[in-house]
Amino acid sequence: MSSQRKFFVIGNWKMNVDKARIDNIVKFMSAASLDPNTEAVVGCPSCYLSYARQRLPDEIAVAAQNCYKVAHGNFSGEISPAMILDSGCEWVILGHPERRTIFKESDQLIAEKVAHAQQTGIKIIACLCETSEDREEGRTDDVLFGQMKSLAASISDWSRVVIAFEALWASNTGVLATAAQVQEALAKLRHWLRANVSDKVANSTRILYAGSVSSSNCRELAQLEDLDGFLVGSAALRPDIVDIINARRPDVSSLIAHFDRPDGRRA
Ligand code: PGA
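In this note's numbering, the protein residues as written are 6 to 272.
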């Protein structure tokens with residue numbers, strides 16, 4: 006937890022929304038009081054980027070969930086960073102664990118996408134992940150540092166990049182990562198940045214955690230030294246996302262309790 010890095014929460018809708026569902030999410034996010042000290046973003050399917058952008062309050066940014074490595078051309082089914090920007094959206098998620106594991110995107114392809122996206126000025130949430138096999142077979146560090154090395158080689162402007170680490174073994178599996186496990190992984194990534202990029206980048210780059218973040222575990226995790234926010238999947242479809250965006254804001258109920266002292270005096 007560092008005051009020089011603004012807390013960042015992205016609610017990734019994945020392929021789980023339609024217009025009616027977006028309308029519902031827009032409704033509860035617009036009605037909520039969101040912590041102005043949190044940068045809030047939603048990850049939207051490409052066909053709804055403009056739809057979501059037009060309906061969400063300006064304070065909530067919109068990210069595409071993927072894009073290709075060139076501006077235009079004969080690449081059916083793909084979208085480019087230029088198209089995302091042209092739709093009024095500022096962010097793109099690259100290397101999401103589902104792109105890496107289900108669609109077999111390689112470190113090389115993701116690095117090429119990151120390099121092209123950087124040239125366009127779009128802001129990037131660059132993801133890394135640890136699978137249960139990586140963990141069981143004791144190769145977590147090699148895998149994470151390998152992914153990080155490949156990403157870092159294609160990043161020229163770190164001020165436009167947020168790193169997201171996902172413990173895939175704790176994403177919708179019924180197993181939760183402990184605060185100590187999350188802190189250990191994020192600290193290793195920050196240390197890698199310090200050793201291999203620079204102190205400035207290590208101190209200023211936001212590193213997020215992903216893996217079943219919910220309104221129940223976000224407050225404890227939000228206090229971790231090296232955690233700067235969350236990439237949220239399933240809870241992003243529910244009003245839980247509001248609690249997660251507000252995870253660092255003092256709990257209103259405890260403030261009320263504080264003011265409501267038995268002697269009737271205000272604290
Ligand atoms: P989850 O998903 O919060 O449902 O685990 C996170 C993600 O993969 O974006």
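We treat Cβ as the ideally placed atom computed from N, Cα and C, and that holds for glycine.
- Every alpha helix (DSSP H) of 4 residues or more that sits fully in the region 36-116 is shown, in chain order, as 54-60, 86-91 and 102-106.
- In the DSSP annotation of this structure, Asn177 is not part of any beta strand (DSSP E), being labelled neither H nor E.
- With a 10 Å radius around the Cβ and a threshold of 16 neighbouring Cβ atoms, Lys11 comes out exposed.
- Annotation: Arg105 to Asp112 spans about 8 angstroms, alpha carbon to alpha carbon.
- With respect to the C-alpha of Met34, the residue from Ile65, Arg144 and Cys49 having the closest C-alpha is Ile65.
- Considering only Glu44, Pro50, Asp23 and Ser164, the residue with the shortest C-alpha distance to Asn17 is Pro50.
- With a cut-off of 7 angstroms, the C-beta of Val119 is classified as distant from ligand 1, since no heavy atom of the ligand falls inside that distance.
- Comparing alpha carbon positions, the residue from Arg26, Ala122, Ala116 and Val67 closest to Phe13 is Val67.
- Put simply, the backbone Cα of Ser161 is about 32 angstroms away from that of Ser239.
- Distances taken from the Cβ of Leu236 to the heavy atoms of ligand 1 include one shorter than 7 angstroms.
- Per the DSSP secondary-structure output, Phe170 pairs in a beta bridge with Leu133 and Tyr214.
- Ligand 1 never approaches Ser111 closely enough for any of its heavy atoms to be under 7 angstroms from the residue's Cβ.
- Approximately 16 angstroms separates the beta-carbon atoms of Pro86 and Cys132; this is outside 8 angstroms, ruling out the contact.
- Counting only residues of its own chain and dropping the five nearest sequence neighbours on each side, Gly151 has a CB closer than 8 angstroms to the CB of Asp112.
- With 16 or more other CB atoms across the displayed protein chains lying within 10 angstroms of its CB, Lys74 is buried.
- DSSP places Asn17 inside the beta strand (DSSP E), whose first and last residues are Phe12 to Asn17.
- Here Leu229 is near Ala184, since their CB atoms are less than 8 angstroms apart.
- At a Cβ-Cβ threshold of 8 angstroms, Asp245 and Ile212 do not count as neighbours.
- In the DSSP assignment, Gly234 falls outside any alpha helix (DSSP H) and within the unbroken beta strand (DSSP E) covering Gly234 to Val237.
- Between Arg224 and Asn42 the beta-carbon gap is near 15 angstroms, outside 8 angstroms, which marks them as no contact.
- If you look at Met153, you'll find it in the alpha helix (DSSP H) that goes Thr145 to Ala158.
- For Ala185, the enclosing alpha helix (DSSP H) starts and ends at Ala184 to Asn201.
- Excluding sequence positions up to five before and after Thr145, its CB lies within less than 6 angstroms of the CB of Glu135 and Asp139, all in the same chain and listed in chain order.
- Short of 7 angstroms from the beta carbon of Trp197, and not among the five residues preceding or following it, lie these beta carbons of its own chain, in chain order: Phe150 and Met153.
- In this structure, Glu141 is the residue among Glu141, Leu61, Ile250 and Ile27 with its C-alpha nearest to the C-alpha of Leu173.
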